[in-house]
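All residue numbers for the sequence shown refer to our numbering, where the first residue is 64 and numbers rise by one.
By construction, the Cβ of each residue, glycine as well, lies at the ideal position given by its N, Cα and C atoms.
The structure displayed is predicted, hence computed values, not measured ones.
Worksheet: one structure, shown below.
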Amino acid sequence: MRNFIRSAAQLVQNAVIPSQASGLASVRGPSSIPFHARFNSNRAGVAKIGRTTYTRLYPTMIVQPDGSTINIRYKEPRRIITLPFDLTTLTEEEQRLRLLKRRPKVAIKLEEEIDDGFKAAKYLLSRRKK
64 MRNFIRSAAQ
74 LVQNAVIPSQ
84 ASGLASVRGP
94 SSIPFHARFN
104 SNRAGVAKIG
114 RTTYTRLYPT
124 MIVQPDGSTI
134 NIRYKEPRRI
144 ITLPFDLTTL
154 TEEEQRLRLL
164 KRRPKVAIKL
174 EEEIDDGFKA
184 AKYLLSRRKK
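Shown next, in the form of structure tokens:
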């Protein structure tokens, strides 16, 4: 158990030492064979980038409740963001009309009446005469 704790402590002491000139980092392993790990843009293909804020911003339009628009840059790729309307500022009649517009429209189904005036006997008689 003591050997395990000593080897773990040695690994902590043998931390990664980044080299400024070459972009490499030297790490000494337990067998003291040095190996190099690159910490550059190619590392992004191996693991997730752990950024808290992303530098890429997308052009987005904000539509305010009065209809005016503002062009901004937003963190997610959206074209339009509409801000909610405050219903408490409206009169009761305007609130009722606005809520009626939100309801789903009922689709009117038209059923066509099929005229089934086909008489097979009429066509059979003409066929028998020939």
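| query | For the beta strand (DSSP E) that Arg136 lies in, which residues bound it at each end? | reply | Note, Arg136: beta strand (DSSP E), 132-137.
| Since Ile177 sits in a beta bridge, which residues does DSSP pair it with? | Paired residues: none, contrary to the question.
| said: Give me the residue from Leu150, Ile135, Arg165 with the minimum Cα distance to Leu120. | reply: The candidate whose alpha carbon is nearest that of Leu120 is Ile135.
| query | From the DSSP output, which residues share a beta bridge with Ile143? | reply | Per DSSP, Met124.
| Test item: CB-CB of Arg142 and Leu153 under 8 Å | Judged by beta-carbon spacing, Leu153 lies beyond the 8 Å limit of Arg142, meaning their Cβ atoms are not closer than that value.
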